[in-house]
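Residue numbers (our numbering): 139 to 588. Backbone N, C-alpha and C define an ideal beta-carbon position, used for all residues, glycine too.
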Ligand code: S3P
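Written out as structure tokens, the structure is:
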């Protein structure tokens, strides 16, 4: 009987994954599918809840983050059927019609839920709302959305100068603004555009580099007037808008596919086919970065599904070389930097990632945590204030590592373990359920352990 590559150990509410280096390449009996895109899933639930009529969502991510969004919008009056991947029905309550819940709205671990919802709540006059999240979210900066909302006339209170949740919001009739965001953030952009839905006139957000544009696409599909200017990286919403329920098909999440792309690239003799992955150009920085590193990744069967570009991705093992990443590319791969750091550990030369200080305020400080955890395995990673310097080529050795309750760190370390000698124990692996509940099952599957 071969030794299983991946085993679980569950203690109280924590889970550890014990991972052995596989003795042969990763492959599939049938192609892999990744769960639905997290960003698109949140937006489909929110716009469905705000629209008139019914929205039907196929392929929704069943992770904990979209569950938080669904719970919040149920409390605000939308009817959302039981969440499943086949078909979720959302009966919208209509723009401006949200109810005032008699309890605190809980965004859990989800920055997208909290920041986007704040724009919606702040623009609903006459209602009072309170919002909180888990301990990670309660320490993440909310001033980046509170400040522009205050410029629009919003009334928001919170800890540390109204910058930390729990937050209290007195809904108001807002006024339009032109907001020059100092950071390229789709959460900031989307919060303001959503606040503009009920605001009379043109509300504009300009960002220093283009962040993911799912809100702009979906708002247009639901019937809002959105003007996008690629020259200035700006998006404008014309309010008051009308939203009509739609049918949304959620593609697979490229941020989840990224784990298998790197796994296939670093484990000798591997070949993986990942079907139905969203390849929106504002999200494909990971393909460009891995391409620069010499990874063998092909896009097959490219098509447009419900307004979003989709493809099947095939990856084969290849020799990787270091690359330099920064500037405008960062927002296109912001969530993939932890797994990109894993690829860099196995690449020849020194990879430098800059302009990514945002990583310090994600679900964990992803710069510090990735550097510490990979170094525990024997890697040569140096923290920079705004990124990482990674000298590849040193073999890794399995040891105990920890996710710091961050889903993307848990999964990145599990992939690094596939190319580390001996056994790696990834503690806090349960965090993966935030965006990828079936991660372990797929990991076992590609290691031949079905
Ligand atoms: C997201 C935007 C990004 C990303 C997050 C999801 C979104 O955050 O990191 O996982 O759905 O809008 P920022 O807007 O903070 O960069």
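- The alpha carbon of residue 405 has as its nearest neighbour, out of 385, 360, 439, 455, the alpha carbon of 455.
- Looking only at 411, 460, 503, 430, the smallest Cα-Cα distance to residue 168 is reached by 411.
- The residues 400, 403, 404, 428, 431, 458, in chain order, have a CB closer than 7 Å to that of residue 481 in the same chain once the five nearest residues on each side in sequence are set aside.
- Nearest C-alpha to residue 257 among 283, 240, 189: 283.
- In this chain, the alpha helix (DSSP H) harbouring residue 332 covers 324–334.
- Between residue 371 and residue 345, the CB-CB gap stays under 8 Å.
- Counting only the Cα atoms, residue 391 lies some 19 Å from residue 583.
- Residue environment: residue 588 is assigned as exposed (fewer than 16 neighbouring CB atoms within 10 Å of its CB, all protein chains considered).
- In the three-state reduction of the DSSP assignment, residue 357 falls in the helix class, which pools H, G and I.
- In this structure, DSSP gives residue 312 a state outside helix and strand, which the three-state scheme calls coil.
- Within its own chain, the residues whose Cβ lies closer than 8 Å to the Cβ of residue 351, once the five positions on either side in sequence are excluded, are 324, 366, 373, 418, 420, listed in chain order.
- One thing to note: residue 388 has its Cβ within 8 Å of the Cβ of residue 195.
- Closer than 7 Å to some heavy atom of ligand 1: that describes the Cβ of residue 350.
- If the five residues before and after residue 160 are omitted, its C-beta is found closer than 7 Å to the C-beta atoms of 143, 405, 556, 585, all from its own chain and listed in chain order.
- Set against 7 Å, the gap from the CB of residue 319 to the closest heavy atom of ligand 1 is not smaller.
- In the structure shown, the three-state DSSP call for residue 384 is coil.
- The alpha carbon of residue 435 has as its nearest neighbour, out of 575, 449, 507, the alpha carbon of 449.
- Assignment of residue 416 by DSSP, reduced to helix, strand and coil, places it in the strand class.
- Under the three-state reduction of DSSP output, residue 474 falls in the helix class.
- Here DSSP, grouped into helix, strand and coil, assigns residue 286 to helix.
- Shown here for residue 424: same chain residues with a beta carbon closer than 6 Å to its own, the five before and five after excluded, namely 396, 471, 474 in chain order.
- Residues 549, 570 of the same chain have their beta carbon placed closer than 7 Å to that of residue 577, with the five preceding and five following residues left out of the count.
- Of all alpha-carbon atoms in 369, 504, 214, the one lying nearest the alpha-carbon of residue 238 is that of 214.
- Following the DSSP letters along the chain, one finds residue 179 inside the alpha helix (DSSP H) bounded by residues 176–188.
- By the Cβ test, the segment 532–549 is not in contact with the segment 488–495, since fewer than three Cβ pairs between them sit closer than 8 Å.
- Around the beta carbon of residue 295, a 10 Å sphere encloses fewer than 16 other beta carbons of the protein chains shown; the residue is thus reported as exposed.
- When the Cα atoms are used, residue 179 and residue 442 turn out to be separated by approximately 17 Å.
- The beta strand (DSSP E) runs of length 3 or more contained entirely in the segment 235–294 are, from start to end of the chain, 266–270.
- For residue 241, the number of other beta carbons within 10 angstroms of its own is below 16, and it is reported as exposed.
- For residue 301, the CB contacts under 8 Å within the same chain, skipping 5 residues up- and downstream, are 279, 280, 281, 284 in chain order.
- Sequence-distant Cβ neighbours of residue 265 in its own chain, meaning closer than 6 Å and more than five residues away, are 238, 309.
- A residue is called buried when at least 16 other Cβ atoms come within 10 angstroms of its Cβ; residue 560 does not meet this threshold and is exposed.
- A distance criterion of 7 Å places the beta-carbon of residue 250 in contact range of ligand 1, judged by its closest non-hydrogen atom.
- For residue 391, the Cβ stays outside the 7 Å cut-off from all heavy atoms of ligand 1.
- Taking the Cβ of residue 323 as the reference point, at least one heavy atom of ligand 1 falls within a distance shorter than 7 Å.
- Cβ contact annotation for residue 211 (same chain, cutoff 7 Å, sequence separation greater than five): 183, 184, 187, 218, in chain order.
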